[in-house]
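Report on one structure; see the data block that follows.
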Ligand code: UDP
Ligand code: MG
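Numbering (the working numbering), first residue to last: -14 to 330.
This is the structure:
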């Protein structure tokens, strides 16, 4: 795989951690939460898709605290599948944490992620990797013909994609597509938590990554059901807000606080002027205008809550980073190439 990588220096070579030796070409990372029915088919399909290539690869299934037998099945499967490793987490930590765990244990120069429910098609893996080799740091799949419920999934997702694109400046059609390829160094040092995995392209872009997207296949879920409901939309919107903030905050915090401060100040002055005019100009009494006061109070409270939330978010990031504590705990790593890249967290 090396030979076909572009010779131009990529930005990841300048990142800390980029010097670590990676002994494989490709790591396929799959978060697994109660996917026992699709697991055998999934691993076979990945193996078949990669057989045609000459790449040295591993499949890392991260069991995110499954309770349906996926864990035991994975333990069995690693005995017969030479390229399969399973990282077993202690409990359910969520998809982002599971992916972060997979990144941590991966040994490939390139990492491909996809869902464990066969909605992404493993046959697309070689294609996204080849696209990456054209000189990108991140290739994002685009489920052009997405097979999910139109009203509850496609519509919110369309809106979210437009919003994320607008806020971050990285316009992708489909942030939510799990099928993505990354240069390993790009994701190794990223501090992921919450629902941040879907913002990886935006986070990467802030770091200067070269990003592109390619249409990929998508299938309806065959087994089990989606692990997500509407609650995720709220969490995603909050995370989006944070990303937008971080992007600005890390460079010019005053541009963020200053904007809110200025707006509230101007509004305060305008309202004060209006009330003064009523009182002084027209001789009206302004003591009986509770709605106006209420609007001012609500507005200012909103601004304060927003700022507080953001400060808390920054404090939390600092906390995560200073602790160096992973957002997940590993119970066990099973499978062939058990030489973890670095000590297990
Ligand atoms: N997943 C996980 N932990 C969770 C929820 C989901 O590892 O807490 C995995 C799940 O097994 C699947 C992927 O994340 O491989 C995407 O989940 P799902 O298919 O339910 O999401 P959807 O396709 O409906 O967006
Ligand atoms: Mg799915």
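Backbone N, C-alpha and C define an ideal beta-carbon position, used for all residues, glycine too.
Rounded separation between residue i and residue j - CA only
i	j	result
residue 103	residue 254	58 Å
residue 38	residue 160	27 Å
residue 77	residue 93	25 Å
residue 43	residue 229	35 Å
residue 257	residue 192	44 Å
residue 99	residue 83	12 Å
residue 25	residue 209	14 Å
residue 263	residue 273	12 Å
residue 65	residue 46	14 Å
residue 180	residue 101	17 Å
residue 150	residue 295	20 Å
residue 73	residue 195	32 Å
residue 316	residue 13	20 Å
residue 0	residue 277	Unreliable positioning characterises residue 0 in this predicted model, as indicated by a pLDDT of 37, which lies under 50. A coordinate reading is not provided.
residue 251	residue 136	41 Å
residue 292	residue 301	14 Å
residue 268	residue 223	46 Å
residue 55	residue 283	50 Å
residue 51	residue 79	11 Å
residue 182	residue 281	38 Å
residue 298	residue 266	46 Å
residue 33	residue 112	14 Å
residue 30	residue 307	40 Å
residue 163	residue 286	38 Å
residue 148	residue 63	41 Å
residue 133	residue 19	19 Å
residue 167	residue 118	10 Å
residue 215	residue 75	26 Å
residue 231	residue 9	34 Å
Per-residue DSSP class, three states only, for residue i
i	result
residue 258	helix
residue 299	helix
residue 218	helix
residue 317	strand
residue 45	strand
residue 306	helix
residue 29	helix
residue 224	helix
residue 38	coil
residue 53	coil
residue 205	coil
residue 212	coil
residue 311	coil
residue 198	strand
residue 74	strand
residue 1	Its pLDDT being 39, under 50, residue 1 is placed unreliably in this model, and the coordinates cannot settle the point.
residue 339	With the chain running from -14 to 330 in the structure shown, residue 339 is simply not present.
residue 283	helix
residue 59	helix
residue 274	coil
residue 177	coil
residue 69	strand
residue 168	strand
Within 8 Å, strictly: CB atoms of residue i and residue j
i	j	result
residue 96	residue 49	no
residue 128	residue 201	yes
residue 122	residue 185	no
residue 304	residue 86	no
residue 141	residue 218	yes
residue 226	residue 288	no
residue 155	residue 190	yes
residue 207	residue 23	yes
residue 199	residue 126	yes
residue 248	residue 260	no
residue 319	residue 131	no
residue 58	residue 110	no
residue 213	residue 81	no
residue 173	residue 90	no
residue 70	residue 169	no
residue 176	residue 158	no
residue 53	residue 21	yes
residue 143	residue 197	no
residue 114	residue 11	yes
residue 68	residue 203	no
residue 153	residue 205	no
Near ligand 4: residue i beta-carbon under 7 Å from a heavy atom
i	result
residue 49	No copy of ligand 4 appears in this structure; the ligands present are ligand 1 and ligand 2.
Short CB-CB distance (under 8 Å) between residue i and chain B
i	result
residue 247	The chain inventory of the structure shown lacks chain B, comprising one protein chain alone.
Taking any heavy atom of ligand 2 as the mark, which residues have a C-beta closer than 7 Å to it, listed down the chain?
100, 102, 104, 206, 211
Start-end ranges of the alpha helix (DSSP H) lying completely within the segment 87 to 160, minimum 4 residues:
110 to 118, 140 to 153
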